[in-house]
Amino acid sequence: DVKVTQSSRYLVKRTGEKVFLECVQDMDHENMFWYRQDPGLGLRLIYFSYDVKMKEKGDIPEGYSVSREKKERFSLILESASTNQTSMYLCASSLTGEDGYTFGSGTRLTVV
Amino acid sequence: AQRVTQPEKLLSVFKGAPVELKCNYSYSGSPELFWYVQYSRQRLQLLLRHISRESIKGFTADLNKGETSFHLKKPFAQEEDSAMYYCALTLYGGSQGNLIFGKGTKLSVKP
Chain F
1 DVKVTQSSRY LVKRTGEKVF LECVQDMDHE NMFWYRQDPG LGLRLIYFSY
51 DVKMKEKGDI PEGYSVSREK KERFSLILES ASTNQTSMYL CASSLTGEDG
101 YTFGSGTRLT VV
Chain S
1001 AQRVTQPEKL LSVFKGAPVE LKCNYSYSGS PELFWYVQYS RQRLQLLLRH
1051 ISRESIKGFT ADLNKGETSF HLKKPFAQEE DSAMYYCALT LYGGSQGNLI
1101 FGKGTKLSVK P
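Protein chains in written order, with my numbering: chain F, 1 to 112; chain S, 1001 to 1111.
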C-alpha cells in the first residue's frame, strides 16, 4: 500500500542537464515537501508546498525549483545539474503538522 | 530559529543493553516532537510522536521542556533496532507542518 511514490529509485545525469524528480501521493494531503539527505548533514528542506500552485523555499533552494500543478503531484527540478547536487532526494507529504510525514522511498541522484 | 541537535553521529551498543539516543531542541514555543527511523534500504518512517505518548517497538521518548530534550530510550536493544534515527520538530498547531530534522544518529546493535 505505497502512499508516496517517487518515480525513480536511481538516476545518473550529466552536469548541466535539466533533471525532473517526480513525487505522487494518494492520501489527498495538502502539504508536500522535498528534502535532500546527505551523510552527516541529515535532512535539509529544499522546497515545500501547502496547496496546488503554491510553493515556499526551504533552507537550501538554490539550484532547484518545484512545480505543483495537481494536488497529488510535486515535482522537483534541477535547472542545470551540478556534481554538488549528487544526493538522496526524499519526497514527503502530510495532512497537518501534528500528523507527521509520510515519506517516499527516495531517489538517489548521481551527477557526473 | 528552531533547531534540533542530535549530539551523537554514531551510537554502538550490545544486544540487550539499554539505549538512549539524545535529542535537544531550541524553540521557545510549544513544539511537537517526533522520532523517525530509517532501516537499511527502507524508507524513512515515523517511529513515534510526543503527542500520542505511545510506545513503538519498545521505544519511548519523554519531552522534558525544562531541559528542552526529547531523548529516545529502549531498555533492551535488539539487533533489528540497528538503523538511522532522526529527531524532528514542528510548530504545534502549524497547519503547514514543516518538520525540522536533526542530523541523525546511527544506532548499531552488536550481537
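Heads up, the beta-carbon is just placed ideally off N, CA and C, and yes, glycines get one too.
Keep in mind the model is a prediction, meaning the values are calculated, not measured.
| Asked | Found |
| --- | --- |
| Does DSSP classify G1094(S) as helix, strand or coil? | Because the pLDDT at G1094(S) is just 48, under 50, the model does not fix this residue reliably, and the value given afterwards should be weighed accordingly. DSSP places G1094(S) in coil when its eight states are reduced to three. |
| Taking 8 Å as the CB-CB limit, is G1029(S) close to chain F? | no |
| Taking a cut of 8 Å between CB atoms, which residues from the segment 1058-1082 of chain S lie near chain F? | none |
| If we count Cβ pairs, one from each stretch, closer than 8 Å, do we get three or more for the segment 1099-1111 of chain S versus the segment 1050-1069 of chain S? | no |
| Run the CB neighbour count on E1032(S), radius 10 Å, all protein chains shown included, and call it buried at 16 or more, exposed below. | buried |
| Assuming Y1027(S) is part of the beta strand (DSSP E), what are its boundary residues? | Note, Y1027(S): premise wrong, no beta strand (DSSP E); not H, not E. |
| Looking at the strands, I want to know which residues DSSP matches up with R108(F). | Y10(F) and M88(F) |
| Curious, which full-length beta strand (DSSP E) runs of at least 3 residues does the segment 1058-1103 of chain S contain? | 1072-1074 and 1083-1091 |
| From which residue to which residue does the beta strand (DSSP E) around I46(F) run? | G42 to S49 |
| Give me the chain S residues within the contact set of L41(F), using Cβ-Cβ distance strictly less than 7 Å, ordered along the chain. | K1103 |
| Tell me, please, whether the CB atom of G106(F) is closer than 8 Å to any CB atom in chain S? | yes |
| Is it a yes or a no for the segment 86-101 of chain F touching the segment 32-45 of chain F, going by three-plus beta-carbon pairs under 8 Å? | yes |
| By how many angstroms is the C-alpha of L1099(S) removed from the C-alpha of T96(F)? | 11 Å |
| Can you look up S1052(S) in the DSSP assignment and give me helix, strand or coil? | helix |
| Can you check which of these residues, T5(F), L109(F) and S94(F), is closest to S82(F) by C-alpha distance? | L109(F) |
| Hey, out of K1057(S), L1044(S), E1079(S) and D1062(S), whose CA is closest to G1104(S)'s CA? | L1044(S) |
| How would you list, in chain order, the residues of chain S whose beta-carbon sits under 8 Å from the beta-carbon of G63(F)? | Chain S residues near G63(F): none, gap ~20 Å exceeds 8 Å. |
| Quick check: what's the CA-CA separation for T15(F) versus Q85(F)? | 10 Å |
| Can you have a look at D28(F) and say buried or exposed, based on whether 16 or more other CB atoms are within 10 angstroms of its CB? | exposed |
| From what residue to what residue does the beta strand (DSSP E) around T1105(S) run? | T1105 to K1110 |
| Got a sec: is the Cβ-Cβ distance from Q1045(S) to anything in chain F below 8 Å? | yes |
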